[in-house]
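One structure below.
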Amino acid sequence: FRSANQPTDRRLKRHSQRRRMSACLCLAVTVLAAARKPGGGSSSSVYRPLSISPVRSSQGGRQQVSNSPLAGSNSLLALEAAVGRVRVAGDAALERTRGLPFIYGQLAQSHPLPVAATQAASLRIVGDRISQGIALYRGEIAGIDLQHMLAMGIVAFFASGAGGSMWLNHLERALGETEGPADVLKKCGCDFVFWAPIANCAYLAGVPMLTGADLGMAITNAQEHFLPTMAIELSIFGPYNVLSFSAIPLHLRPITGSLCSLMFTLAIASKC
Numbered sequence: 005f006r007s008a009n010q011p012t013d014r015r016l017k018r019h020s021q022r023r024r025m026s027a028c029l030c031l032a033v034t035v036l037a038a039a040r041k042p043g044g045g046s047s048s049s050v051y052r053p054l055s056i057s058p059v060r061s062s063q064g065g066r067q068q069v070s071n072s073p074l075a076g077s078n079s080l081l082a083l084e085a086a087v088g089r090v091r092v093a094g095d096a097a098l099e100r101t102r103g104l105p106f107i108y109g110q111l112a113q114s115h116p117l118p119v120a121a122t123q124a125a126s127l128r129i130v131g132d133r134i135s136q137g138i139a140l141y142r143g144e145i146a147g148i149d150l151q152h153m154l155a156m157g158i159v160a161f162f163a164s165g166a167g168g169s170m171w172l173n174h175l176e177r178a179l180g181e182t183e184g185p186a187d188v189l190k191k192c193g194c195d196f197v198f199w200a201p202i203a204n205c206a207y208l209a210g211v212p213m214l215t216g217a218d219l220g221m222a223i224t225n226a227q228e229h230f231l232p233t234m235a236i237e238l239s240i241f242g243p244y245n246v247l248s249f250s251a252i253p254l255h256l257r258p259i260t261g262s263l264c265s266l267m268f269t270l271a272i273a274s275k276c
């Protein structure tokens, strides 16, 4: 009895497999037909959906013809809705991964001068506030001097921010791209010899004048603290400039330089 029914069981299994394969083919053809949009607006391009041939199957030695399209329209709508949800979720995740660094990079490339000036002023004010907090903790000052913080921000806006950004661009145009250690050392030397004295004198003389000192006192303060400030400049910005001129892109140097200036401010704030 078992041997007589075995061929029938095998035929039923093959028939079930053929039906599943036919259903998958029908779904694939329906999706491809929907993807074939009519081209342009020309009269020669006419949209003709793909025709689905009937599926023939054999059962019990007889052939049966099935014309059912597997509910193609409903399946296509559900598929399009699922793809739309996945696309929206992917776009949202991409925007979250971008965030503030991506926005800053775009602004730094499109508006380099205002971004450099603003970030330099902000970081110098923060650095001066930290320096005053340390001095207040040690008992060296009686309270926080907001006028001094504002003066540091104003000088940083014009000297370190706008001036520093223009200087870096000029240095890059004058000396060209960095191609080796000799170019790095040349740019570091030019920055220390030509730009650093101007920027440091702007702080040593400009901040006292903005906080109430006269011109004579400001010049005396600059002369007194110039050499110690240049020594601090060399110890902090010397290693940084080697890294900056060899590895950091030009449009990112103002922000990295401002972060380095934050540490520099902690050292020179009491001298201004």
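The number in the numbering used here is simply the position in the sequence shown, starting from 1, with 4 added.
By construction, the Cβ of each residue, glycine as well, lies at the ideal position given by its N, Cα and C atoms.
Because the structure is a prediction, the values reported are computed rather than measured.
By the CB criterion at 7 Å, Gln123 and Ser248 fall outside the cutoff. Excluding sequence positions up to five before and after Gly180, its CB lies within less than 8 Å of the CB of Asp187, all in the same chain and listed in chain order.
Counting C-beta pairs closer than 8 Å gives fewer than three between the segment 108 to 115 and the segment 149 to 158, which falls short of the contact rule.
Within the model, the alpha-carbon separation for Phe162 versus Leu214 is close to 14 Å. Non-local C-beta neighbours of Val211 in its own chain, meaning closer than 8 Å and more than five positions away in sequence, comprise His152, Ala155, Met156, Val159 and Cys276, ordered along the chain. Counting only the Cα atoms, Ile272 lies some 10 Å from Ser265. Counting C-beta pairs with one atom in each stretch, the segment 254 to 261 and the segment 128 to 141 have fewer than three that are closer than 8 Å, which means they do not touch. Pro116: member of the alpha helix (DSSP H) spanning Pro116 to Arg142, first to last residue.
For Trp171, the enclosing alpha helix (DSSP H) covers residues Gly168 to Leu179. 7 Å or more divides the Cβ of Leu127 from the Cβ of Ala166.
Rounded to whole angstroms, Ile107 and Thr182 show a C-alpha spacing of 27 Å. Contact annotation: Leu175 and Lys191 have beta-carbon atoms nearer than 7 Å. Distance from the CA atom of Asn245 to the CA atom of Met267, rounded to whole angstroms, is 15 Å. Assigned with DSSP and collapsed to three states, Ala146 falls in coil, not helix or strand.
For Ile252, the three-state secondary structure derived from DSSP is coil.
Distance from the CA of Pro201 to the CA of Arg89, rounded to the nearest whole angstrom, comes to 59 Å. Its Cα nearest to that of Leu270, the residue Thr233 stands out among Pro258, Thr233, Leu219 and Gly147. As summarised for the segment 229 to 273, the continuous alpha helix (DSSP H) elements at least 4 residues long and confined to that stretch are 257 to 272, given in chain order.
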